[in-house]
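So that you can map any letter, position 98 of the sequence shown is 98 in UniProt numbering, and since no number is skipped, the others follow by simple counting. Encoded as structure tokens, the structure appears first; notes follow it.
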Amino acid sequence: MPVAPAPVDDDCGLAAAAAAGDRQAFEQLVRRHGPALHRYARRMTRDEHAVADIVQETFVAAWRRIGGFRGDSGVRTWLFAICQRKVVDSHRVKRAVPIDDRLIDPADTSSTADPFAAVSNAAFVAALEAALVELPPRQRAVWMLREVEELTFPEIGTILELSPDGARGHHHRARATLQQRLQRWR
1 MPVAPAPVDD DCGLAAAAAA GDRQAFEQLV RRHGPALHRY ARRMTRDEHA
51 VADIVQETFV AAWRRIGGFR GDSGVRTWLF AICQRKVVDS HRVKRAVPID
101 DRLIDPADTS STADPFAAVS NAAFVAALEA ALVELPPRQR AVWMLREVEE
151 LTFPEIGTIL ELSPDGARGH HHRARATLQQ RLQRWR
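Now the structure itself:
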């Protein structure tokens, strides 16, 4: 007998409905958090095929464990923690290679765009990507979760199994390294 769609809209309600067997509630969680998990996995591994696998494995593991979700953290934090473990697993199997991805939107290429600004923006993005790749994986993870995904230090600590102060320290070191390597654009 099919389960009725979840009438709830918050993550915890959707997780509870999914734990009760509501596939539509889980699909809503996938649609809500999939893009952020994909962005994070893409920055943490450099193989686009591995990214799709990591995100898929994250949601498969989440579906299997949704009944055990206790709500100690938010659903988003719980999903990022699973994703982080899948990223680590993928690194054990294969070493990462550079990616061709952008953190910021491409520069305006219209005829009214300033060519100097376009070249400067492209050069900055390339330098930022190179600097991010050189960061130690944990620092890169903390920086991505804080700056791109806008998570709090306690959430990041939960995801990466660090204290909030440990997450804050890794973020500080990552920012200092990036500032040093990107001094030219200050």
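Glycine included, each C-beta is placed from N, C-alpha and C at the ideal position. For clarity, every value in this text was computed on a predicted model and none was experimentally measured.
Buried or exposed (CB count within 10 angstroms, at least 16 for buried), residue i
i, result
"serine 90", "buried"
"histidine 172", "exposed"
"arginine 42", "buried"
"valine 75", "buried"
"residue 237", "What the structure shows of the chain is the stretch from 1 to 186, and residue 237 is not part of that stretch, so it cannot be assessed."
"aspartate 9", "exposed"
"aspartate 72", "exposed"
"alanine 126", "exposed"
"residue 215", "A query on residue 215 cannot be resolved here, the shown segment of the chain reaching from 1 to 186 and no further."
"alanine 50", "buried"
Of the residues the options, the one placed nearest residue i, counting alpha carbons only
i, options, result
"glutamate 134", "Pro164, Arg181, Pro154, Leu145", "Arg181"
"histidine 33", "Thr158, Ala141, Thr77, Asp47", "Thr77"
"leucine 145", "Phe26, Met44, Gly21, Ala19", "Met44"
"proline 136", "Ala123, Thr177, Glu150", "Thr177"
"glutamate 150", "Gly13, Arg39, Glu27", "Arg39"
"leucine 37", "Phe26, Arg46, Ala52, Gly166", "Ala52"
"glycine 13", "Ala50, Ile54, Arg46, Arg70", "Arg70"
"isoleucine 159", "Lys86, Pro35, Arg46, Ala122", "Lys86"
"arginine 46", "Asp11, Ser163, Val88", "Val88"
Span separating the alpha-carbon of residue i from that of residue j
i, j, result
"arginine 64", "threonine 58", "10 angstroms"
"aspartate 22", "valine 60", "15 angstroms"
"isoleucine 66", "phenylalanine 153", "24 angstroms"
"leucine 29", "leucine 128", "31 angstroms"
"valine 97", "glutamate 48", "Note that valine 97 scores a pLDDT of 47, beneath 50, so its modelled location is shaky and nothing firm can be said."
"glutamine 139", "alanine 81", "15 angstroms"
"arginine 168", "glutamate 161", "13 angstroms"
"glutamine 24", "isoleucine 156", "28 angstroms"
"tryptophan 185", "alanine 174", "17 angstroms"
"valine 148", "alanine 15", "24 angstroms"
"tryptophan 143", "alanine 131", "12 angstroms"
"glycine 68", "leucine 79", "13 angstroms"
"alanine 123", "glutamine 183", "13 angstroms"
Cβ distance (whole Å) where residue i is taken to contact residue j below 8 angstroms
i, j, result
"glutamine 84", "alanine 141", "7 angstroms"
"phenylalanine 26", "alanine 20", "The Cβ separation is near 10 angstroms, so there is no contact."
Contact test: residue i Cβ vs the ligand ADP heavy atom, cutoff 7 angstroms
i, result
"leucine 128", "You won't find the ligand ADP in this model; it holds no ligand whatsoever."
Ordered list of alpha helix (DSSP H) runs contained in the region 10 to 50, each at least 4 residues: 11 to 19, 23 to 44
Where in the region 130 to 179 do unbroken runs of the beta strand (DSSP E), each at least 3 residues long, occur, reported from the N-terminal end onward? none
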